[in-house]
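Protein sequence lines correspond, in order, to chains A and B. If you count the first sequence from 1, position 266 lands on 266 in my numbering, and the numbers rise without skipping. If you count the second sequence from 1, position 5 lands on 1005 in my numbering, and the numbers rise without skipping.
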Amino acid sequence: AQGLLFDCDGVLWAGERAVPGAPELLERLRRSGKAALFVSNNSRRSVAELERRFSRLGFQGVRAEHVFSSALCSALFLRQRLLGGGGNGSRAGRVFVLGGEGLRGEVRDAGLRLAGEGEPAPGEPVRAVLVGYDDQFTFAKLAQACGYLRDPQCLLVATDPDPWHPLSDGQRTPGTGSLTAAVETASGRKALVVGKPNTYMFDCIVERFGVDPSRTLMVGDRLETDILFGKNCGLATILTLTGVSRLEEAQAYMASDSAAAKDLVPNYYVDSIADLIPGLDE
Amino acid sequence: LPGPGPADWLQAPLEPAVRAVLVGFDEHFSYAKLCQALRYLLRPECLLVGTNRDHRLPLEGGAAIPGTGCLVKAVETAAQREAFIVGKPNRFMFDCVAGEFPVEPARTIMVGDRLDTDILMGNECGLTTLLTLTGVTALDEVRGHQESACPARHRLVPDYYVDSIADLLLGFKQ
């Protein structure tokens, strides 16, 4: 392989702890001239914050431009749809974002204007509702989003489909997927989902770095997002067991008769990505 | 819940006696509550119950507010489980009525404005069903179901319809 795409949560780190051996793996990849890029469904942080996080957790040399988060890619997607084709910025309309400051910042950095919360309708129209991880989600915001979505021209976009995320103590927090389900049900619309397993984030990677899928490996911890993403993009896949999915789940998909289930079976698996280090020496 | 963010909420103690999460219409629904619901639902013996699945509650002038169904879907998605829905079209509420009053399905009419709740429940419970057009349903929706090749959609077709329940007064004058 020429390069590897890594998911972050559950692969490189769990909470505030780097997976033992993960920083060493990345360092070895760097030294052997293999590209390492990062693709994460987590829409909480800007890529600038992620760059600092990599550094804080002991990963050297990872720059913001190597990191593709669903927050960044959602902003790029909206920029394309609302500003693309040389559109006049002031006619692009505003974006109503259900999410935190990291996501809002990425949307602003893409040159888009945000609708305020609780603002009255008049003024520049809202041309997109973006649903991300929003720990301040409320019924009032859901109602506000639905108001904008009555206009069929208003896009409904979600950063990622993840229904929940694990925490280090075994608990779970609700993910963007659960909030998107509420907005879809209320508005009668289906969201365009930017994140894995959909392939838009890979398009962003290819545009910036010109990656060859036949020589790139996808490494992730979640079968339904990372492994299916790899399959959808034509990448070979490695499942690591330090995150969400259990080996039994992969085995169950493998044993299933359904064609769709086969797409969720990784090509390889490791207990942890540290297990990839010996292979690099060959 | 104490504290402004998930880190605080997830430390709040859970009540050991909670055995069910009940989702109803909640204009104060929030991520924090969704978080708490998910914590309880991770206990295997905890039930997940929803009052109904209505997507939208119509207001005057064509606007609408999100219905309970949206909140149920959010909880179901986070917990990766299906809720038991008490409300129509589930027959549970009819069974409650029949348990308290001497109702003979063959001699009872269900009157409603919504095909996928009122009419479906009525049909499933062996009642005669009457659709009124003063609510959410338009007649061509009914025709669509009637002409469909799908047998499940036929269950949404009422036995009768009126423009308004006031039209039933004509029956009394005879």
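Beta carbons: idealized from backbone N, C-alpha and C, even for Gly.
For residue 115 of chain A, the secondary structure class from DSSP, reduced to helix, strand or coil, is coil. Non-local C-beta neighbours of residue 132 of chain A in its own chain, meaning closer than 6 Å and more than five positions away in sequence, comprise 43, 99, 103, 159, 176, ordered along the chain. Annotation for residue 1151 of chain B: the continuous alpha helix (DSSP H) segment containing it runs 1151-1154. Residue 1038 of chain B has a beta carbon lying within less than 8 Å of a beta carbon in chain A. Closer than 8 Å to the CB of residue 146 of chain A there is at least one CB belonging to chain B. Per DSSP, the unbroken alpha helix (DSSP H) holding residue 1094 of chain B starts and ends at 1092-1100.
When CB distances to chain A are screened at a threshold of 7 Å, the residues of the segment 1001-1013 of chain B falling below it are 1005, 1006, 1010, in chain order.
When only Cα atoms are considered, residue 35 of chain A and residue 101 of chain A end up about 30 Å apart.
In chain order, 139, 142, 143, 146, 182, 185, 186 make up the part of chain A whose C-beta sits under 8 Å from the C-beta of residue 1066 of chain B. Pairing residue 269 of chain A with residue 235 of chain A gives a Cβ-Cβ distance that is not under 8 Å. The segment 23-37 of chain A and the segment 179-197 of chain A do not touch, with fewer than 3 CB-CB distances between them shorter than 8 Å. Using a Cβ-Cβ cut-off of 8 Å, residue 1152 of chain B does not count as an interface residue toward chain A, since no Cβ of chain A sits closer than that to its own.
In the DSSP assignment, residue 1058 of chain B falls outside any alpha helix (DSSP H) and lies within the beta strand (DSSP E) extending over 1056-1058. In the three-state reduction of the DSSP assignment, residue 9 of chain A falls in the strand class. Remark: fewer than three beta-carbon pairs, one from each stretch, lie closer than 8 Å, so the segment 1011-1021 of chain B and the segment 262-280 of chain A are not flagged as touching. Rounded to the nearest angstrom, the gap between the Cα atoms of residue 1137 of chain B and residue 127 of chain A is 29 Å. Residue 226 of chain A has its alpha-carbon roughly 10 Å from the corresponding atom of residue 245 of chain A. When Cβ-Cβ separations below 8 Å define contact, residue 246 of chain A makes no contact with chain B.
Ranked by Cα distance from residue 1066 of chain B, the first of A:250, A:264, A:138, A:253 is A:138. In the structure shown, residue 63 of chain A adopts coil according to DSSP, grouped into three states. For residue 1028 of chain B and residue 1086 of chain B, the gap between their C-alpha atoms comes out near 21 Å. Within the segment 1078-1103 of chain B, 1078, 1080 place their CB atoms closer than 7 Å to a CB of chain A, listed in sequence order. Using a CB distance below 7 Å, the part of the segment 1022-1038 of chain B facing chain A consists of 1026, 1027, 1028, 1029, 1030, 1031, 1034, 1035, 1038, ordered along the chain. Per DSSP, the continuous beta strand (DSSP E) segment holding residue 127 of chain A begins and ends at 126-131.
In the three-state DSSP reduction, residue 172 of chain A falls in the strand class (E or B).
Rounded to the nearest whole angstrom, the CA to CA distance from residue 1098 of chain B to residue 1005 of chain B is 47 Å.
Between the alpha carbons of residue 1164 of chain B and residue 1133 of chain B lies a distance of about 6 Å.
Counting other Cβ atoms within 10 Å of its Cβ, residue 144 of chain A reaches 16 or more and is therefore classed as buried. Straight-line measurement puts the Cα of residue 162 of chain A at about 14 Å from the Cα of residue 192 of chain A. The segment 48-55 of chain A makes no contact with the segment 140-155 of chain A, as fewer than three CB pairs between them are under 8 Å. Rounded to the nearest whole angstrom, the C-alpha separation of residue 204 of chain A and residue 73 of chain A is 7 Å.
In the structure shown, residue 54 of chain A adopts helical secondary structure according to DSSP, grouped into three states.
The straight-line gap separating the alpha-carbon atoms of residue 1032 of chain B and residue 1162 of chain B is approximately 45 Å. For residue 1092 of chain B against residue 1049 of chain B, the beta-carbon gap comes to about 10 Å, at or over 8 Å, which does not count as contact.
Interface annotation, residue 153 of chain A: not in contact with chain B, CB-CB separation never under 8 Å. Taking 8 Å as the cut-off, the Cβ atoms of residue 218 of chain A and residue 210 of chain A do not count as close.
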